[in-house]
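Trainee: One structure is given below, represented as structure tokens, and several questions about it will come after.
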Amino acid sequence: MAQSCAAALSSTAIFAAFCNHFPAESHSSSLRFSPLRLRKMIVSSNRERKCEKFGVKAAYTSDYSSLDDCESTWKGIWSIRNDLEVPSSPYIPTYAQGEQGGGPPPMLLGRFQNVLSQLFQHRIIRCGGPVEDDMANIIVAQLLYLDAVDPNKDIIMYLNSPGGSVTAGMAIFDTIRHIRPDVSTVCVGLAASMGAFLLSAGTKGKRYSLPNSRIMIHQPLGGAQGGQSDIDLQANEMLHHKANLNGYLSYHTGQTLEKINEDTDRDFFMSAEEAKDYGLIDGVVMNPHKILQPVAAAAGQ
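As numbered in numbering that gives the first Met the number 0, residues 0 to 300 make up the sequence shown, in order.
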């Protein structure tokens, strides 16, 4: 009994301290004091002010107190917008989303108004960063889309890649050969390994590099583990990729297969001029207005 009385007194003391902390509310006779309700009102008001700051017009809940903060509300709305993107990619142009009926509302189209989407509307795409499956899937979709829009206009692909997955790179390479438009490749920065292979895979006569770019070719890299049979299988797969890539490089460059095998045994770096002499590219872009402008004009006609 004594413990119950002590607990009640302790609760009363805590409640009194709360009332002293909010004197205006505690002296109100028309509204019964509720610390929990007041806390919800303050938090809700702060969240509404934050929402106005971020321009969020709606939250998909009827109870603000069920959300951790307004930032999560803002992200939640945008995550729903991400679900509306098919496919979800910053490279998809605005008109590809179906502006004339059937597409997302105009408020969502503003998200795609960025440099990459504007370049894509002019049939300019980029292969930047490591070559991997997600990037390859995006580029393949872009190439197929541009082929469907107009098979007679050139496509320009800018490459700045250290290389990556052989199978992902071959997906891009096969798509370049599969579509009808010519694909002009331009190296900016670095095209190494699979990046250099894709650079050489452009339409002959339309493969370029900026003057200070570096280009490197070498044999496929990898490792093997497991039993002897497993190691033999993986080693044979690497030998297959090496022979396949070197065969295409020989065709793209005009070099003999023996020279390609010798040069790719180790990392073989080249300047833009050396890559031109080697046959990986067709020209070094010293004046883009004279070289790339005709290609861009052909792509935009």
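Ideal Cβ placement from N, Cα and C applies to all residues, glycine included. Computed from a predicted structure; not experimentally measured.
Please confirm whether any heavy atom of the ligand SAH lies closer than 6 Å to the CB of T263.
Mentor: Because no ligand of any kind appears in the structure shown, any question about the ligand SAH cannot be addressed here.
Trainee: Grab me the residues of N286's own chain with a C-beta within less than 7 Å of its C-beta, minus the 5 sequence neighbours each way, in chain order.
Mentor: If we look at N286 and ignore the five residues flanking it on each side, it has no Cβ neighbours.
Trainee: Whose C-beta lies closer than 7 Å to the C-beta of H240 among residues of the same chain, with five residues either side of it excluded?
Mentor: These residues qualify, in order along the chain: V165 and P219.
Trainee: Is it right to say D173 is buried, meaning 16 or more other beta carbons lie within 10 angstroms of its own, or is it exposed?
Mentor: It is exposed - the Cβ of D173 has fewer than 16 other Cβ atoms within 10 Å.
Trainee: Tell me the residue span of the beta strand (DSSP E) that contains N243.
Mentor: From DSSP, N243 is part of no beta strand (DSSP E) but of the alpha helix (DSSP H) over Q227 to T252.
Trainee: Taking the alpha helix (DSSP H) that V139 belongs to, which residues open and close that run?
Mentor: Segment D132 to V148, the alpha helix (DSSP H) holding V139.
Trainee: From what residue to what residue does the alpha helix (DSSP H) around R176 run?
Mentor: First-last of the alpha helix (DSSP H) with R176: V165 to H177.
Trainee: From the DSSP output, in three-state form, read off G201 for me.
Mentor: In this structure, G201 counts as coil in the three-state DSSP scheme.
Trainee: Look at M193 and F268 and say whether their C-beta atoms are less than 7 Å apart.
Mentor: Not a contact, by the Cβ cut-off of 7 Å.
Trainee: Among Q227, A167 and D146, which has the Cα closest to the Cα of D132?
Mentor: The candidate whose alpha carbon is nearest that of D132 is A167.
Trainee: Whole angstroms is fine: what's the gap from H251's alpha carbon to R213's?
Mentor: H251 and R213: Cα-Cα distance of roughly 18 Å.
Trainee: Determine which residues share a DSSP beta bridge with L189 and list them.
Mentor: L189 pairs with R213.
Trainee: Looking only at C-alpha atoms, which of G278, G226 and Y247 sits nearest to G204?
Mentor: For G204, the nearest C-alpha among the options comes from G278.
Trainee: What does DSSP give as the partner residue(s) for N113 in the beta ladder?
Mentor: Paired residues: none, contrary to the question.
Trainee: Okay, do the segment 182-190 and the segment 231-240 touch, 3+ Cβ pairs below 8 Å being the bar?
Mentor: Counting Cβ pairs under 8 Å, fewer than three are found: no touch.
Trainee: According to DSSP, is L158 helix, strand or coil?
Mentor: Residue state, collapsed to three classes: strand.
Trainee: Are the CB atoms of R122 and D146 nearer to each other than 7 Å?
Mentor: The answer is no: Cβ separation not under 7 Å.
Trainee: Please name the residue or residues paired with G127 in a DSSP beta bridge.
Mentor: Bridge partners of G127: N159.
Trainee: Where do the N-terminal and C-terminal ends of the beta strand (DSSP E) with M269 fall, by residue?
Mentor: M269 -> beta strand (DSSP E) spans F267 to S270.
Trainee: Find the nearest neighbour of V182 within the set R125, S228, G253 and Q233, judged by alpha-carbon distance.
Mentor: Taking only the C-alpha atoms, the option nearest V182 is R125.
Trainee: Buried or exposed for N81, going by 16 or more other Cβ atoms inside 10 Å?
Mentor: With a pLDDT of only 32 at N81, under 50, the local geometry of the prediction cannot be trusted, and the value read off the model is given with reservation. Label assigned to N81: exposed.
Trainee: Can you round the beta-carbon distance between N243 and I259 to whole angstroms, since I take them to be within the 8 Å contact cut?
Mentor: Rounded, the Cβ-Cβ distance is 12 Å, inconsistent with contact.
Trainee: Between the beta-carbon of I175 and the beta-carbon of A195, is there less than 7 Å?
Mentor: Going by C-beta atoms, I175 is not nearer than 7 Å to A195.
Trainee: Could you tell me how far apart the beta carbons of L209 and A140 are, in whole angstroms, since I believe they sit closer than 8 Å?
Mentor: About 27 Å; that fails the 8 Å criterion.
Trainee: Measure the alpha-carbon distance for T255 versus M156 and round it to whole angstroms.
Mentor: Their backbone Cα atoms lie some 27 Å apart in a straight line.
Trainee: Beta-carbon within less than 6 Å of D264's beta-carbon, same chain only, minus the 5 sequence neighbours each way: which residues are those?
Mentor: Once the five neighbours on either side are set aside, D264 has no close Cβ partner at all.
Trainee: With DSSP collapsed to three states, give me the class of G282.
Mentor: If DSSP states are grouped into helix, strand and coil, G282 belongs with the strands.
Trainee: Report yes if the CB atom of P161 is closer than 7 Å to the CB atom of A135, and no otherwise.
Mentor: No, the pair does not count as a contact, with Cβ atoms beyond the cut-off.
Trainee: Since L198 and I137 are thought to touch, with beta carbons under 8 Å apart, how far apart are those beta carbons, to the nearest angstrom?
Mentor: Contact doesn't hold; Cβ gap of about 18 Å is too wide.
Trainee: Is it buried or exposed, D262, if we count other Cβ atoms within 10 angstroms and call 16 or more buried?
Mentor: So D262 counts as buried.
Trainee: State yes or no: is the C-beta of N151 within less than 7 Å of the C-beta of G127?
Mentor: Contact flag unset, no.
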